[in-house]
Amino acid sequence: MTVIEARGLRKAFGTTIALDGVNLRVEEGRILGLIGPNGAGKTTALNAILGLTPYQGELRVLGRDPWNERDQLMRDVCFIADVAVLPRWVRVSQALDYVAGVHPRFDRAKAEGFLAKTDIRRASKVRELSKGMVTQLHLALVMAIDAKLLVLDEPTLGLDILYRKQFYDSLLSDYFDRSRTIVVTTHQVEDVQHVLTDLMFINRGRIVLDCSMEDFESRYLEVKVHPEHVAAARALRPIHERQVLGRSILLFDRVDRQQLAALGDVRTPSIADLFVAVMGNKPGNRAGEVQGAAQ
Amino acid sequence: MNTQSNTLPESFGSQGSAPAALSATRPFYWSVRRELWEYRSIYLAPLAIAGVILLGFVFVLIPLPQTMRAVSSLDAAHQRAALAQPYDFAAGLIMGAAFLVSIFYSLDTLYGERRDRSIWFWKSLPVSDLTTVLAKASIPLLVLPMVAFVITVVIQSIMLLLSSVVLLASGLSVATLWTQLELYQTLLGLLYHLVTVHMLWYAPIYAWLLLVSAWARRTPFLWAVLPPLAIDIFEKVAFHSSHFVALLEYRFSGGSEAVASMQGDFPIHPGMHLTPLNFLSSPGLWIGLVVFAAFLTAAVRLRRYQGPI
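Residue numbers (our numbering), protein chains in the order written: chain D, 27 to 321; chain V, -11 to 297.
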C-alpha cells in the first residue's frame, strides 16, 4: 500500500521556492530518512504531508488530501514536529488525559508503560522536565497511538547521544513493525544510518537522491586508495574525492567491488559522506550542514 | 475506548457514523477542559474577587444590628437600597472580573498557542480547527458567565447566612432582610443579564478579539484597539462625524434599553422589568450575532493557515 504519494508538489513563500516539483512515493512498512541542508524544503514537505500548509500539486496521504482533511488524517498519522512543541504549562497527567480524550486510537496503558521506564513523574509540568524528558514524554504519547504513519521532524535536536540512541532504539523495538511507516528528517545522519530502510536527499526543493538502503549499500562504495593506485582509481570516475591524513578517499557509484578492492580498502560510505558527495558536487550548496560530514 | 478500538480494523478510510458522533463531542469537551488547565484565571480570578468581597463584608456584618435598627424606620424601597447594596456590589464585581478575564482570554488564546509553538502539538491530534475555535469561544460565551453566576450564588448565600447569624445572635428578626433582599429574583435577574448581555450581546466583541488573536503575529492588544481607533479618526477627519464610536458605545453599553426597562442605575434588581421579547426582536442583537459568526469563521480559517510564530 502506498502511504504517501506526491506528484509535482510545489510551494513558494513569496519569491522563495521551498518545494520545486517534488515527486515522492512512500510504501507501507518503510522508514524513510529525508536528509537535506537547512532551507532545503524538508520541513515544508513534511508540513504539506501533515496538512499544516497549503501547496500546489498532487498529494495523497493514506488516500486523503491532507490540507482539507487534516483532522481525519490525524487519526492515522502522528508527528513530532520539534522538541519544543509540548505546551510548557501542561502536566504529564493532563497530557495523557487530553490525548486519551481526543484520540480514538490512543492506548493509555501503553503510554503509562513507556513512562514507567523513565524518570518522568505524573504530576510534573512540562516546564519542569529536561529537554530529553520532554522528548521521552512526547515519544511515549505518540508511540501509544496506533497510527499508520509517524512523521518525525528533527525529533532529537539538542539531545545528547544517550537520549538519541535510546530514542531510536525504542522506536525500533517498541513501535515499528512492518505495517507502520516512519518518515524522519534529521541532521544527525549517523544516528539513523542503521535505522532507515530508505534514503532521500532533498536540496533546493528538489529530490536529488531516492534509493533504498539495500540499493545504497550495493551502489555506493568508498575506497581508501593506496597511493600508487590513485591515478587508476580516478580513471573509474569517482563521484567524490577527499583527503584524510594524506590518503585519498574516493567514492564510487555502481563500480564493481572486486575491481575496487584491488585499489585499496573498500567500505560502505556513511550517509554523511554520500551527502557531501551528492550536494558538494553542485556549486553554491552548503553541504557542511550535515553533522559528521567532515569526519 | 474499547468499543471504539474494536471497530478499527474495518473502519480505516471510512469512519462509521458512531465514531463520527463521538468525534463531535469528545474533542470539544476535552478542548474546553484543556483551556481550563491552561487559563486557570478563568475561575481563580472571580474566586479571588469573591474572597476579597467576603473579607470586606466583615465590616458590613459588625455594625449590621445597628444598621437594621436604623433602616427599620425607612420605607421599603429605601430599606432595600440600604440592605442590598453589598449584594449587588458583589454580583457586579464578580461579573466585571469575569468580563475582564473574557477580554484577556479571548485576546491571548489563539495567539498564545502560536507563540509557545504548542499549536503543532494540538494540530497533531484529530481535532479540527472548527472544534478548537468553538471550544475557545465557549470560554467567554458560556464558561465565564456560568462561573460568574455560580460564584455569585454561592457568595450571596454565604453573605445572607452570615448576616442572619449575626442578626439572630443579637436578638433581631431576619424577616426584613430576607424579604427585602429578594435574593431569588435578583439571581434570576443576574442570570437573565448574563445570558442576554454577556453571552449574546457581547458575542461579537469576543469574536473580534479571537479573530485578532488568531491573526496578530505580535501585540494582539494593539491590533485589537488600533483598527477601531483608526476608523474613528478617519471618520472624524473625513466626515466630521462619530457614528462608529457611537456604534461601539452602543455595543459595549450592553444594549440595555432592549434587555430590560430600567428603574435604577444598577442593571439587576428585582424592580426591573425584563423584556426578553423586546431583546429578541432588537436588530442590534441579530446584527451582532451575524458579525460574531463572520469573525469566528474568519478565525477558524486563519487558524488553519497558521503555524508557530
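Glycine included, C-beta positions come from ideal geometry on N, C-alpha and C.
In the three-state reduction of the DSSP assignment, V:G39 falls in the helix class, which pools H, G and I. Within the stretch 187 to 223 of chain D, the runs of alpha helix (DSSP H) at least 4 residues long that lie entirely inside it are, in chain order, 187 to 196 and 215 to 218. Here D:T41 is exposed: its Cβ has fewer than 16 other Cβ atoms, across all protein chains shown, within 10 Å. In this structure D:H129 is buried. Its beta-carbon is surrounded by 16 or more other beta-carbon atoms within 10 angstroms. With contacts defined by Cβ atoms closer than 8 Å, V:M187 and V:P271 do not form a contacting pair. For D:V292, the enclosing beta strand (DSSP E) has its first and last residue at G290 to R293.
According to the DSSP secondary-structure assignment, D:M226 is paired through a beta bridge with D:L60 and D:D236. The beta carbon of V:W25 falls within 8 Å of a beta carbon belonging to chain D, placing the residue at that interface. In the structure shown, D:Q82 adopts extended strand secondary structure according to DSSP, grouped into three states.
With respect to D:G67, D:A32 sits apart: the two C-beta atoms are not nearer than 8 Å. In the structure shown, D:Q162 falls within a helical segment according to DSSP collapsed to helix, strand and coil.
Taking 8 Å as the cut-off, the Cβ atoms of V:L169 and V:A72 count as close. The way I'd put it, the stretch 100 to 116 of chain D does touch the stretch 94 to 114 of chain V; three or more beta-carbon pairs between them come closer than 8 Å.
From the listed residues V:L129, V:I146 and V:F267, the smallest Cα separation to V:A195 is found for V:L129. When the beta-carbon positions are compared, D:L175 and D:V48 stay at least 8 Å from each other. With contacts defined as CB atoms closer than 8 Å, D:V304 and D:F227 qualify as a contacting pair.
Taking CB atoms only, D:H129 has a neighbour in chain V less than 8 Å away. Taking 9 Å as the cut-off between beta carbons, the residues of the stretch 74 to 96 of chain D near chain V are L76, G77, L78, T79, P80, L88, G89, R90, W93 and R96, in sequence order. Sixteen is the threshold: since fewer than 16 other Cβ atoms of the shown chains lie within 10 Å of the Cβ of V:P264, the residue is exposed. If you draw a 10 Å sphere on the C-beta of V:Q67, you find 16 or more other C-beta atoms in it, and that means buried. At a cut-off of 8 Å between beta-carbon atoms, V:V115 makes contact with chain D. Under the Cβ distance rule, D:L112 counts among the residues neighbouring chain V, one pair being separated by less than 8 Å. The DSSP-derived three-state label of V:Y27 is coil. In this model, V:P192 and D:D91 are separated by some 33 Å (Cα to Cα).
Going by C-alpha positions, V:H231 is about 28 Å away from V:A125.
Straight-line measurement puts the Cα of D:L271 at about 11 Å from the Cα of D:K250. Here D:G290 is buried: its Cβ has 16 or more other Cβ atoms, across all protein chains shown, within 10 Å. Counting C-beta atoms within 10 angstroms of its own C-beta, V:T13 has fewer than 16 neighbours from the protein chains shown and is therefore classed as exposed. Nearest CB-CB separation between V:K111 and chain D: below the 8 Å threshold. 8 Å or more divides the Cβ of D:E248 from the Cβ of D:T212. Contact between V:Y99 and V:M147 is ruled out by a C-beta separation of about 38 Å, above the 8 Å threshold. For the pair D:K151 and D:V116, the Cα-to-Cα distance works out to about 5 Å. The beta-carbon distance between D:C104 and D:A166, rounded to whole angstroms, is 12 Å. This is too long to meet the 8 Å contact definition. Contact note: D:C104 reaches chain V through S112, using a C-beta cutoff of 7 Å and chain order.
Among the bridge pairs identified by DSSP, D:E31 is matched with D:R51 and D:R86.
Around V:L199, the same chain offers F283, L284, A286, A287 and L290 as residues with beta carbons nearer than 8 Å, after the five sequence neighbours per side are excluded.
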